[in-house]
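Visitor: This note's numbering numbers the first residue of the sequence shown as 6 and each following residue consecutively.
There's a structure below that I have some questions on.
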Amino acid sequence: QAATQATEAAKTAVDAAQDAAQNAASLVVGGVDVGAELKGVFDKATATLSGITDQATASSALPTLQELQTKVDGLTAQVDQLPAEGKKALAGLVSAALPPLKELVAKVGAISGAESIKPALDAMIGKLETWAQAPA
(Lines of atoms letter the chains of each structure in order from A and count residues from 1; the text may use other names and numbers.)
(Lines give C-alpha, C1' and ligand atoms only; values in the text may rest on other atoms or scores of the structure.)
Protein backbone atom coordinates (compact mmCIF):
# COMPACT_ATOMS: atom_id res chain seq x y z
CA GLN A 1 0.00 0.00 0.00
CA ALA A 2 2.84 2.40 0.80
CA ALA A 3 4.31 1.71 -2.63
CA THR A 4 0.98 2.54 -4.31
CA GLN A 5 0.68 5.79 -2.37
CA ALA A 6 4.27 6.64 -3.25
CA THR A 7 3.59 6.03 -6.94
CA GLU A 8 0.52 8.31 -6.84
CA ALA A 9 2.52 11.00 -5.07
CA ALA A 10 5.26 10.60 -7.67
CA LYS A 11 2.85 11.29 -10.52
CA THR A 12 1.64 14.43 -8.76
CA ALA A 13 5.23 15.56 -8.22
CA VAL A 14 6.14 15.05 -11.88
CA ASP A 15 3.09 17.03 -13.03
CA ALA A 16 3.90 19.87 -10.64
CA ALA A 17 7.54 19.91 -11.74
CA GLN A 18 6.54 20.10 -15.41
CA ASP A 19 4.14 22.97 -14.76
CA ALA A 20 6.74 24.82 -12.75
CA ALA A 21 9.48 24.27 -15.32
CA GLN A 22 7.45 26.13 -17.91
CA ASN A 23 7.70 29.22 -15.72
CA ALA A 24 11.47 28.92 -15.54
CA ALA A 25 12.58 30.75 -18.69
CA SER A 26 14.24 33.59 -16.76
CA LEU A 27 16.50 31.26 -14.79
CA VAL A 28 19.61 31.09 -16.98
CA VAL A 29 22.85 32.19 -15.28
CA GLY A 30 26.28 31.79 -16.82
CA GLY A 31 24.91 29.48 -19.48
CA VAL A 32 23.30 27.21 -16.88
CA ASP A 33 19.52 26.88 -17.07
CA VAL A 34 18.80 26.63 -13.35
CA GLY A 35 15.12 25.93 -14.03
CA ALA A 36 15.88 23.00 -16.33
CA GLU A 37 18.51 21.66 -13.94
CA LEU A 38 16.04 21.77 -11.05
CA LYS A 39 13.30 20.17 -13.12
CA GLY A 40 15.74 17.35 -13.80
CA VAL A 41 16.49 17.06 -10.09
CA PHE A 42 12.78 16.90 -9.21
CA ASP A 43 12.08 14.36 -11.97
CA LYS A 44 14.99 12.12 -11.04
CA ALA A 45 14.29 12.37 -7.30
CA THR A 46 10.65 11.48 -7.91
CA ALA A 47 11.53 8.52 -10.10
CA THR A 48 14.17 7.30 -7.64
CA LEU A 49 11.93 7.66 -4.59
CA SER A 50 9.07 5.93 -6.40
CA GLY A 51 11.24 2.84 -6.75
CA ILE A 52 11.88 2.52 -3.02
CA THR A 53 9.82 -0.22 -1.43
CA ASP A 54 12.16 -1.74 1.17
CA GLN A 55 15.65 -1.56 2.69
CA ALA A 56 17.36 -3.04 -0.39
CA THR A 57 15.80 -0.55 -2.81
CA ALA A 58 16.52 2.30 -0.39
CA SER A 59 20.19 1.27 -0.27
CA SER A 60 20.42 1.03 -4.04
CA ALA A 61 18.78 4.48 -4.39
CA LEU A 62 21.21 6.18 -2.00
CA PRO A 63 23.99 6.95 -4.56
CA THR A 64 21.47 8.59 -6.90
CA LEU A 65 19.99 10.67 -4.07
CA GLN A 66 23.47 11.74 -2.95
CA GLU A 67 24.26 12.71 -6.55
CA LEU A 68 21.08 14.83 -6.64
CA GLN A 69 21.99 16.45 -3.33
CA THR A 70 25.42 17.33 -4.78
CA LYS A 71 23.78 18.74 -7.91
CA VAL A 72 21.45 20.95 -5.84
CA ASP A 73 24.42 22.14 -3.77
CA GLY A 74 26.29 22.85 -7.01
CA LEU A 75 23.50 25.12 -8.25
CA THR A 76 23.84 27.44 -5.26
CA ALA A 77 26.33 29.72 -7.03
CA GLN A 78 23.98 30.19 -10.00
CA VAL A 79 20.95 30.70 -7.76
CA ASP A 80 22.83 33.36 -5.81
CA GLN A 81 23.54 35.22 -9.09
CA LEU A 82 19.92 35.31 -10.23
CA PRO A 83 18.35 38.75 -10.48
CA ALA A 84 15.39 39.47 -8.20
CA GLU A 85 12.87 38.45 -10.89
CA GLY A 86 14.77 35.22 -11.45
CA LYS A 87 14.75 34.46 -7.75
CA LYS A 88 11.00 35.06 -7.64
CA ALA A 89 10.52 32.73 -10.63
CA LEU A 90 12.74 30.14 -8.95
CA ALA A 91 10.75 30.42 -5.73
CA GLY A 92 7.56 29.82 -7.71
CA LEU A 93 9.05 26.81 -9.48
CA VAL A 94 10.36 25.23 -6.29
CA SER A 95 7.23 26.08 -4.30
CA ALA A 96 5.06 24.29 -6.87
CA ALA A 97 7.22 21.18 -7.14
CA LEU A 98 8.31 20.82 -3.51
CA PRO A 99 5.07 19.76 -1.71
CA PRO A 100 4.48 16.60 -3.80
CA LEU A 101 8.16 15.70 -3.46
CA LYS A 102 8.02 16.19 0.31
CA GLU A 103 4.89 14.03 0.44
CA LEU A 104 6.75 11.30 -1.44
CA VAL A 105 9.75 11.66 0.90
CA ALA A 106 7.42 11.24 3.90
CA LYS A 107 5.85 8.10 2.42
CA VAL A 108 9.26 6.61 1.63
CA GLY A 109 10.45 7.58 5.10
CA ALA A 110 7.69 5.42 6.56
CA ILE A 111 9.09 2.34 4.81
CA SER A 112 10.99 0.14 7.21
CA GLY A 113 14.69 0.13 6.37
CA ALA A 114 14.67 3.35 4.35
CA GLU A 115 16.42 5.37 7.08
CA SER A 116 19.75 5.34 5.18
CA ILE A 117 18.49 7.86 2.63
CA LYS A 118 17.22 10.40 5.17
CA PRO A 119 20.42 12.52 5.49
CA ALA A 120 20.73 13.07 1.72
CA LEU A 121 17.03 13.85 1.40
CA ASP A 122 17.00 16.21 4.38
CA ALA A 123 19.94 18.19 3.00
CA MET A 124 18.42 18.45 -0.47
CA ILE A 125 14.92 19.36 0.78
CA GLY A 126 16.40 21.93 3.17
CA LYS A 127 18.17 23.72 0.32
CA LEU A 128 15.07 23.60 -1.88
CA GLU A 129 12.93 24.99 0.95
CA THR A 130 15.32 27.95 1.21
CA TRP A 131 14.99 28.59 -2.52
CA ALA A 132 11.19 28.36 -2.30
CA GLN A 133 11.17 31.54 -0.19
CA ALA A 134 10.70 34.43 -2.61
CA PRO A 135 12.94 37.43 -1.88
CA ALA A 136 11.26 40.43 -0.34
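Just so you know, even glycine gets a beta-carbon here, dropped at the ideal spot from N, CA and C.
Within this structure, are the beta carbons of residue 17 and residue 105 separated by less than 7 Å?
Guide: yes
Visitor: By alpha-carbon positions, which one of 130, 135 and 136 ends up nearest to residue 186?
Guide: The question about residue 186 has no answer, for the chain in this structure spans 6 to 141.
Visitor: At the level of alpha carbons, what is the spacing between residue 120 and residue 110?
Guide: Spanning the two alpha carbons is a distance of roughly 11 Å.
Visitor: Just the C-alpha distance for residue 66 and residue 96, rounded to the nearest angstrom, thanks.
Guide: 27 Å
Visitor: Go through the stretch 28–60 residue by residue and report every complete run of the alpha helix (DSSP H) that reaches 4 residues or more, in order.
Guide: 39–55
Visitor: Do you know whose CA, among 92, 59 and 55, lies nearest residue 107's CA?
Guide: 55
Visitor: Using beta-carbon positions only, say whether residue 81 and residue 69 come within less than 7 Å of one another.
Guide: Between residue 81 and residue 69, the C-beta spacing is not below 7 Å.
Visitor: Under 7 Å, do residue 60 and residue 125 count as touching if we go by C-beta distance?
Guide: no
Visitor: Work out the CA separation of residue 113 and residue 10 for me, nearest whole Å.
Guide: 9 Å
Visitor: Since residue 109 is in the alpha helix (DSSP H), which residue starts that stretch and which ends it?
Guide: It spans 89–114 - the alpha helix (DSSP H) in which residue 109 sits, taken as one unbroken run.
Visitor: Between the Cα of residue 137 and those of 39, 92 and 118, spot the shortest distance and give me the residue it belongs to.
Guide: 92
Visitor: For a test of the three-state rule: what should DSSP assign to residue 80, helix, strand or coil?
Guide: coil
Visitor: May I ask you to report which of helix, strand or coil DSSP gives residue 137?
Guide: coil
Visitor: To the nearest angstrom, report how far apart residue 7 and residue 49 are at their CA atoms.
Guide: Between residue 7 and residue 49, the C-alpha separation is close to 20 Å.
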